[in-house]
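Have a look at the structure below, then the notes.
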Amino acid sequence: MKETTILDKRFREMIPGEIINRRIDDMAEQINRDYAGKDVVFLGILNGAFLFAAELFKRVNLKARISFVKLASYEGTKSSGSVKELIGWNEDIKGMPVIVIEDIVDTGHTLELIVGELKVRKVANIKIATLLYKPKAYTKKIPLDYVGFEIPNDFVVGFGLDYDGYGRNLPSVYTLIKQ
Ligand code: 5GP
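Numbering of the sequence shown is given in the working numbering, commencing with residue 165 and proceeding in unit increments.
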């Protein structure tokens, strides 16, 4: 079992990088099929989704654009539940099909906010792609269209996800070892 230390905490490898990359191949293939012949906008949610967004987007063979917005709702290892910041939105997305790219869907607060903003911007339709999903923590009804992995309700890092800013560069997903 691979383990790593980030700041004051120990983490154990949960999903190896090769498995993640293979799963992203499948997700992109499905998106390429579902959107064949369409012009589509991908919307990555910063910071966590930058890596997954890049890996997914480079496998997409559609006429596609990508843009990023930033929404921070997390501090340390506990979700504060309140969304604090929103920056970005420089693309003209009115009337476009949009695929939101999330690193992880936990309670779904962030997602609900983004979907609300997209509806105000009168996009054609909205689908959600997330690398990780915690079904036990999810409190919303928004359907998740492309899910990489369902995971337990534990704190994870790696593949873009951080612990206090660190660990985003880990090529695998690691879970917190509880002491
Ligand atoms: P939600 O709004 O769904 O509760 O949380 C979404 C955001 O919280 C994610 O985009 C991510 O930034 C952060 N988050 C939720 N769970 C985790 C986790 O286990 N690890 C890390 N590093 N961030 C998480």
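We put the beta carbon where it would ideally sit given N, CA and C, even for glycine.
- Annotated three-state conformation of THR271 is coil, per DSSP.
- In the structure shown, ARG176 adopts extended strand secondary structure according to DSSP, grouped into three states.
- Taken through DSSP and simplified to helix, strand or coil, LEU220 comes out as helix.
- Note on geometry: alpha-carbon atoms of GLY280 and GLU266 lie some 15 Å from one another.
- If the five residues before and after ASN196 are omitted, its C-beta is found closer than 7 Å to the C-beta atoms of VAL224, ASN225 and LEU226, all from its own chain and listed in chain order.
- Shown here, ILE209 sits in a strand according to DSSP, grouped into three states.
- For ALA192, the uninterrupted alpha helix (DSSP H) segment begins and ends at 181 to 198.
- Counting C-beta atoms within 10 angstroms of its own C-beta, ALA200 has fewer than 16 neighbours from the protein chains shown and is therefore classed as exposed.
- Across the structure, ASP326 and VAL262 are spaced so that their CA atoms are roughly 26 Å apart.
- Residues of the same chain with a CB within less than 7 Å of the CB of LEU171, apart from the 5 flanking positions on each side, are TYR327, ASP328 and TYR330 in chain order.
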